[in-house]
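Working notes, structure below.
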Amino acid sequence: MSKTSSGTLYRGREGMWSWVGHRVTGVVIFLFLLVHVLDTALVRVDASAYDAVIATYKNPLMALGETALVAAILFHAFNGLRLILVDFWKQGTKYQRQLLWGVIGVWVVVFAGFAIRHLSLAFGGH
Amino acid sequence: MSTELPEPASKIELKPGVGGGGEIPTFNITLRVRRYTPESTADAYWEDFKLTMYGTDRVLDALHKVKWEHDGSLSFRRSCAHGVCGSDAMRINGRNRLACKTLLKDLDTSKPITVEAIKGLPLEKDLIVDMEPFFQSYREIMPFLINDGHEPSGERYQSAADHAKFEDTTKCILCAACTSSCPVFWTDGQYFGPAAIVNAHRFIFDSRDDAGDMRLEILNDKEGVWRCRTTFNCTEACPRGIQVTQAIAEVKQAILSRTV
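Residue numbers (the numbering used here), protein chains in the order written: chain R, 8 to 133; chain A, 37 to 296.
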């Protein structure tokens with residue numbers, strides 16, 4: 008009975024979309040960690056193989072990927088702190104929206120700082 | 037016999053075209069309803085109804101107009117039609133609302149107004165869902181006063197300060213707008229859902245009730261309050277303005293801070 012298509016997407020507000028963002032960035036970070044554990048474990052197997060793998064990361068595409076990864080980690084980290092406040096700070100649920108704007112503000116500042124430094128090292132300078 | 041009727045005392049001379057129902061502005065709307073008729077078609081589909089409605093009309097009035105004047109097969113629940121019984125929760129323009137509390141003039145009438153059944157409960161027909169899983173969760177939190185003491189000869193007294201602790205959660209009308217707005221509930225039918233937790237909160241924080249610990253134990257489960265991901269959809273959807281996410285957070289804190 009419930010297999011019929013569910014119609015339109017639910018139009019949530021900030022709370023729902025920050026949850027979607029938290030989920031998506033969480034999955035992205037998990038996939039990175041999976042690869043990261045594997046490539047780092049390689050150093051125990053063969054140091055030169057490890058060097059070869061790490062050398063393949065040094066290209067513009069990976070630099071952009073790293074930038075996106077840091078963006079995801081920063082959002083997940085700051086929004087995670089917001090969620091802790093929502094759960095455990097008495098006024099947290101009342102100010103969840105303002106907290107989200109705070110998260111986005113801090114995210115923009117920190118990410119801009121990282122992106123400028125990282126991308127100028129990756130694309131300029133050499 | 038000359039029958040000269042006396043003029044009624046209340047008669048007021050009105051200019052032509054003034055007064056009566058004609059003064060309420062009318063406008064045209066397109067009501068886009070998600071239909072599901074399992075007896076004839078396997079899949080749900082959209083159906084548009086072009087209606088002329090008044091400025092005082094609600095979405096429920098538009099549904100009535102369809103059912104009474106256009107297509108009698110349209111099925112939906114409503115009872116009191118005044119925001120008290122909680123029968124007509126539905127998804128209006130993508131958000132859970134009571135059809136009887138949503139004025140058409142508050143919606144964007146230049147675009148079709150979409151009306152769908154609430155999500156996460158088995159769809160039976162058109163806008164009607166099977167509410168049983170919802171009420172099952174409600175029953176599990178024991179939504180009634182449990183008091184171990186002697187029965188008092190009069191009322192059970194309570195201070196205003198004690199009452200204030202759960203006043204907000206007494207307002208629930210069990211319409212399921214909150215529970216069916218919860219992304220966790222859509223995919224995990226085992227989750228108690230916001231409404232059950234709200235009604236548990238109403239007794240957990242009631243100084244006259246003695247079964248708070250038992251209810252906290254029921255909700256201290258992986259399908260209990262800890263499934264809440266604080267998306268705030270429930271708080272936004274509640275037609276009674278209950279701070280649902282806040283109530284869930286208070287239950288979470290009570291579970292962690294109680295002395296067992």
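Where is the CB? At the ideal position from N, CA and C, for every residue including glycine.
Residue(s) in a DSSP beta bridge with residue i
i: R89(R); result: DSSP output for R89(R) lists no bridge partner at all.
i: L87(A); result: I65(A)
i: A125(A); result: L134(A)
i: V165(A); result: L159(A)
i: R94(A); result: L139(A)
CB contact below 7 Å: residue i versus chain A
i: T32(R); result: no
i: D94(R); result: yes
i: G14(R); result: yes
i: S9(R); result: Confidence in S9(R) is poor, its pLDDT being 48 and thus under 50, which makes the residue's placement unreliable; the coordinate value appears in the next sentence. It does: the Cβ of S9(R) has a partner Cβ on chain A nearer than 7 Å.
i: W26(R); result: yes
i: R18(R); result: yes
i: G109(R); result: no
i: G22(R); result: yes
i: F130(R); result: no
i: T100(R); result: yes
Rounded Cβ spacing between residue i and residue j (contact assumed at less than 8 Å)
i: A212(A); j: A231(A); result: 6 Å
i: I80(R); j: I36(R); result: 6 Å
i: V93(R); j: A283(A); result: That pair is no contact at about 13 Å.
i: S111(A); j: K161(A); result: 5 Å
i: F268(A); j: P179(A); result: Rounded, the Cβ-Cβ distance is 24 Å, inconsistent with contact.
i: H83(R); j: H29(R); result: 6 Å
i: R265(A); j: W26(R); result: 5 Å
Residue i and residue j closer than 7 Å at C-beta
i: N256(A); j: I291(A); result: yes
i: A80(A); j: R70(A); result: yes
i: K137(A); j: G119(A); result: yes
i: T62(A); j: T88(A); result: yes
i: P275(A); j: L157(A); result: no
i: I182(A); j: D242(A); result: no
i: V151(A); j: I177(A); result: no
i: S216(A); j: I278(A); result: no
i: L49(R); j: A56(R); result: yes
i: H125(R); j: T74(R); result: yes
i: T271(A); j: V261(A); result: no
i: D13(A); j: R114(A); result: The requested residue 13(A) is not part of the displayed model; chain A covers only 37 to 296.
i: A129(R); j: A70(R); result: yes
i: R104(R); j: R131(A); result: no
i: G91(A); j: K147(A); result: no
i: F85(R); j: W108(R); result: no
i: A78(A); j: L96(A); result: no
i: M126(A); j: L159(A); result: no
i: H237(A); j: T205(A); result: yes
Chain R contact for residue i (CB, 7 Å cutoff)
i: T267(A); result: yes
i: Q282(A); result: yes
i: I291(A); result: no
i: A236(A); result: no
i: G130(A); result: yes
i: E152(A); result: yes
i: E49(A); result: no
i: A200(A); result: no
i: R70(A); result: yes
i: E203(A); result: no
i: E75(A); result: no
i: V296(A); result: Its pLDDT being 46, under 50, V296(A) is placed unreliably by the model, and the measurement read from it follows with that caveat. V296(A) does not count as touching chain R.
i: E83(A); result: no
i: T117(A); result: It is worth fixing the name first, because residue 117(A) is Ala in this sequence and not Thr. No, A117(A) lies away from the interface with chain R (no Cβ there is under 7 Å from its Cβ).
For residue i, three-class secondary structure by DSSP
i: M250(A); result: helix
i: K101(R); result: coil
i: T15(R); result: coil
i: T150(A); result: strand
i: Y81(A); result: strand
i: C105(A); result: Contrary to the premise, residue 105(A) reads as Glu rather than Cys in this sequence. DSSP places E105(A) in helix when its eight states are reduced to three.
i: V296(A); result: For V296(A), the pLDDT reaches just 46, beneath the cut-off of 50, and the residue's location in the model is therefore unreliable, leaving the point undetermined.
i: R265(A); result: coil
i: K201(A); result: coil
i: L110(A); result: coil
i: V120(A); result: coil
i: L143(A); result: coil
i: R20(R); result: coil
i: S9(R); result: For S9(R), the pLDDT reaches just 48, beneath the cut-off of 50, and the residue's location in the model is therefore unreliable, although a value from the coordinates is still provided. Coil at S9(R), not helix or strand.
i: R276(A); result: coil
i: R30(R); result: helix
i: R244(A); result: coil
i: R71(A); result: strand
i: E49(A); result: coil
i: A283(A); result: helix
i: Q194(A); result: coil
i: A56(R); result: helix
i: I182(A); result: coil
i: C208(A); result: coil
i: C214(A); result: coil
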